[in-house]
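**Student:** Numbering (the UniProt record's numbering), first residue to last: 1 to 330.
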Amino acid sequence: MIALREEITQFFDIEVFYFMPIRDILVLSTDRGLKCFKRVDYSIETLLFIHGGKEHLVSRGFIDIDRFNLSKEDLPYVMLGDEIYVLTDWIDARECELENPIELKAATEKLAMMHEASIGYTNVPEGARVRDDLGKLLTKFEKRCNEFLRMRKMAEKKKSMFDYEYLFTYSYYFDLAKEALEKLKNSNYLKLCDEAREKRGFIHRDYSYHNILYTHDGDVYIIDFDYLTYDLRIIDLTSFMQKVLKRIHWDIKTGESILNWYSNVSPLNKDEIELIYIILLFPYRYWKTCNRYYNGKKSWSEKAFTNKLHEVIAEKEFHYDFVRWLEKQI
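1. Considering only DSSP beta bridges, list what V16 is partnered with.
2. According to DSSP, I223 sits in a beta bridge with which residue or residues?
3. Considering Cα atoms alone, identify which of G120, E317, R285, R67 is closest to Q242.
4. So, at 6 Å on beta carbons, what are the nonlocal neighbours of L183 in its own chain, with the 5 sequence-adjacent residues on each side left out?
5. When the Cα of D194 is compared with those of R150, L134, C145, K178, which residue comes out closest?
6. Taking the runs of the beta strand (DSSP E) that are 3 residues or longer, which of them lie wholly in the UniProt domain "Aminoglycoside phosphotransferase" (180-241)?
7. Assign I234 to one of two classes, buried (16 or more other C-beta atoms within 10 Å of its C-beta) or exposed (fewer than that).
8. Can you have a look at P21 and say buried or exposed, based on whether 16 or more other CB atoms are within 10 angstroms of its CB?
9. Terminal residues of the continuous beta strand (DSSP E) containing D132?
10. Quick check on M1: buried or exposed, where buried means 16 or more other Cβ atoms within 10 Å of its Cβ?
11. Using a threshold of 7 Å, state whether the C-beta atoms of Y214 and C96 are closer than that.
12. Using C-beta distances below 6 Å, list every residue in its chain close to L309, excluding the 5 sequence neighbours before and after it, in chain order.
13. Which first and last residues belong to the beta strand (DSSP E) in which I84 is found?
14. Determine the direct distance from the alpha carbon of D92 to that of F162, and round the result to whole angstroms.
15. Which residues in the same chain have their Cβ closer than 7 Å to the Cβ of V130, if we skip the five residues on either side of it in sequence?
16. Would the beta-carbon of T88 fall within 7 Å of that of D66?
17. May I ask you to report which of helix, strand or coil DSSP gives C96?
18. In terms of alpha-carbon separation, which member of T238, S239, D206 lies closest to D224?
19. Ignore the nearest five residues each way along the sequence and tell me which others in K54's own chain have a CB closer than 7 Å to its CB.
20. At what residues does the beta strand (DSSP E) containing residue 344 begin and finish?
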């Protein structure tokens with residue numbers, strides 16, 4: 001413990017009084033306030049790209065993030081053996097409760113503000129590995145549609161309870177997936193990607209409960225930009241909407257509010273609304289559950305997977321009503 005404390009002091013211009021492990025981080029008490037010290041699982045080159053993105057946000061006045069503290073060598077990381085560690089300020093806040101309309105509104109508006117501030121990220125640090133997912137959605141949709149057929153062949157051979165459930169339900173979801181793919185091909189997706197390349201804005205890509213912190217003053221902080229990449233802002237927005245709406249039976253009123261709150265800060269155009277509809281039309285939760293069962297590591301039991309599939313199927317009518325409502329908004 002003493003050795004680690006001395007190592008941290010050696011790397012950073014701080015004095016560490018004591019530290020305490022919380023989940024996968026160390027909370028440090030220092031002469032410069034509370035700090036978080038944690039290991040990251042990506043490369044230095046990727047970390048530099050993320051660091052550059054965060055610094056760009058700060059330069060644009062968006063400061064409510066977990067900014068990396070620089071080491072004595074002016075680097076946003078340190079090496080302990082073969083492992084990479086970063087230091088950030090401790091944020092005195094809790095995870096955002098998105099079931100609360102006030103906090104949901106604040107989180108939605110904060111996402112829009114972050115996207116606005118991200119525009120113009122061209123000063124990428126030397127040696128950084130640039131992440132760019134623009135234009136890749138078509139390939140993803142095509143791959144997932146093919147996966148539906150491959151999983152059917154696997155289900156026909158195995159015949160477990162999950163297999164029977166998949167064979168009984170997959171045609172409905174496969175039809176939705178094909179419909180979404182066809183609509184994506186006929187949309188202005190590639191045009192939106194070209195426009196986004198000009199703006200050079202990035203997205204968070206994991207904008208979820210655990211990465212949105214809410215302070216006692218009602219401020220929202222965004223943390224853990226581990227998946228930061230160039231892509232369309234609606235990729236963040238649709239992912240966020242899925243995470244919120246699945247918990248409340250795809251409530252149309254809440255979905256409409258999220259779109260309005262976001263647009264009040266950063267207006268969405270007609271092409272973007274159409275793309276939001278197409279992405280939400282794709283049966284992502286069904287595909288993800290089945291893909292995890294057939295192609296992932298079996299971290300759940302057969303019963304747990306089957307129960308999860310039942311949970312997804314139970315929202316079928318709510319999801320259908322929502323996307324058809326959204327289709328009418330185009």
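Positions of the beta carbon are idealized from the N, C-alpha and C atoms, including for glycine.
**Tutor:** Walking through what the data contain:
1. Within the DSSP bridge table, the entry for V16 names T30 as partners.
2. Note: I223 sits in no beta bridge, so no partner.
3. The shortest CA-to-CA distance from Q242 to any of G120, E317, R285, R67 is the one to R285.
4. Residue identity differs from the one stated: residue 183 is Lys in this sequence, not Leu. Taking K183 as the centre and dropping the five residues before and after it, the same chain places the C-beta of I278 closer than 6 Å to its C-beta, in chain order.
5. L134 is the residue among R150, L134, C145, K178 whose C-alpha sits nearest the C-alpha of D194.
6. As far as the UniProt domain "Aminoglycoside phosphotransferase" (180-241) is concerned, its whole beta strand (DSSP E) runs of at least 3 residues are 212-214, 220-222.
7. By the neighbour-count rule (16 or more Cβ atoms within 10 Å), I234 is buried.
8. So P21 ends up on the exposed side.
9. If you look at D132, you'll find it isn't in any beta strand (DSSP E); DSSP assigns it neither H nor E.
10. Because M1 sits at a pLDDT of 49, beneath the cut-off of 50, its placement in the model cannot be relied upon, and the following sentence gives the value as read from the coordinates. Under a 10 Å Cβ-count criterion, M1 is classified as exposed, with fewer than 16 other Cβ atoms of the shown protein chains found around its own Cβ.
11. Taking C-beta atoms as the reference points, Y214 and C96 count as a pair closer than 7 Å.
12. Excluding sequence positions up to five before and after L309, its CB lies within less than 6 Å of the CB of E165, T289, all in the same chain and listed in chain order.
13. Where I84 is concerned, the enclosing beta strand (DSSP E) stretches over 83-89.
14. When only Cα atoms are considered, F162 and D92 end up about 44 Å apart.
15. Apart from the 5 residues on each side of it in sequence, V130 sits with its Cβ closer than 7 Å to the Cβ of F49, V124 in its chain, given in chain order.
16. Cβ distance < 7 Å, so T88 and D66 count as in contact.
17. Looking at C96 - three-state DSSP - the assignment turns out to be coil, as it is neither helix nor strand.
18. The shortest C-alpha to C-alpha distance from D224 to any of T238, S239, D206 is the one to D206.
19. Same-chain partners within the cutoff: I65, R67, F68, F225.
20. Residue 344 cannot be examined here, being either before or after the span of the chain that is shown, 1 to 330.
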